[in-house]
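In our numbering, the protein residues as written are 1 to 195. First the structure, in the form of structure tokens, and then the observations on it.
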């Protein structure tokens with residue numbers, strides 16, 4: 001069984017389109033949004049990042065499979081999920097054949113090919129997930145006019161650079177942000193206890 005082991009062009013192009021759309025629409029929303037932001041201090045600056053990251057993760061769980069299916073329908077190729085499933089089936093069939101008689105050198109090649117196909121299917125899914133997360137983060141940062149560096153006191157950073165850094169921090173996910181918030185809170189508590 002031959003499996004597709006390359007990262008397919010529609011996934012790369014779609015990711016680039018999502019990132020470029022974020023880079024264009026984020027600043028547009030930033031300048032046109034009527035939402036006002038009151039500067040916050042301390043841990044609250046990171047709490048909004050956490051909330052936005054959670055929201056993006058939930059939306060990604062819904063939209064990435066839809067986007068994957070849409071790419072499949074347009075390109076006529078299997079979805080990244082189906083590509084992975086096909087590769088895993090090939091691995092299982094090869095393992096079953098290895099337990100039988102007449103195992104050839106082909107089995108190691110087929111195993112390696114199937115493993116590579118699983119890896120590239122995971123990469124394709126990650127491309128969609130990260131591209132969509134960046135777009136959503138840029139839209140939310142622009143809409144809410146949230147700028148991480150400005151809220152930390154860096155006032156002379158260009159706004160586009162600030163929102164890209166803020167969006168990238170958000171798209172990094174809630175787990176990392178949760179850990180960061182926890183460490184900051186523990187450090188603050190330790191400093192207050194020491195005084």
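Note that beta-carbon positions come from the ideal geometry of N, C-alpha and C, so glycine has one too. All of these numbers come straight from a predicted model, not from anything done at the bench.
Own chain residues within Cβ distance below 6 Å of residue i, not counting five before or after
i	result
residue 131	15, 18, 19
residue 75	10
residue 21	135
Contact under 8 Å by Cβ, residue i with residue j
i	j	result
residue 143	residue 12	no
residue 45	residue 152	yes
residue 56	residue 171	yes
residue 187	residue 53	no
residue 60	residue 120	no
Spatial neighbours of residue i in its chain, beta-carbon cut-off 8 Å, leaving aside the 5 residues before and after
i	result
residue 166	49, 137, 141, 146, 147, 148, 149
residue 178	50
Inter-residue spacing [alpha-carbon to alpha-carbon] between residue i and residue j
i	j	result
residue 181	residue 93	46 Å
residue 105	residue 80	Unreliable positioning characterises residue 105 in this predicted model, as indicated by a pLDDT of 49, which lies under 50. A coordinate reading is not provided.
residue 31	residue 67	29 Å
residue 133	residue 124	14 Å
residue 155	residue 161	12 Å
residue 158	residue 24	15 Å
residue 115	residue 122	11 Å
residue 183	residue 62	31 Å
Close-in-space but distant-in-sequence residues of the same chain around residue i (CB under 7 Å, 5 per side omitted)
i	result
residue 26	138, 139, 141, 142, 163, 167
Span of the alpha helix (DSSP H) around residue i
i	result
residue 160	159-171
Runs of alpha helix (DSSP H) wholly within the segment 115-152 (minimum 4 residues, chain order): 148-151
Run through the segment 20-85 for me and flag every whole alpha helix (DSSP H) of 4 or more residues, listed as ranges in chain order. 44-75
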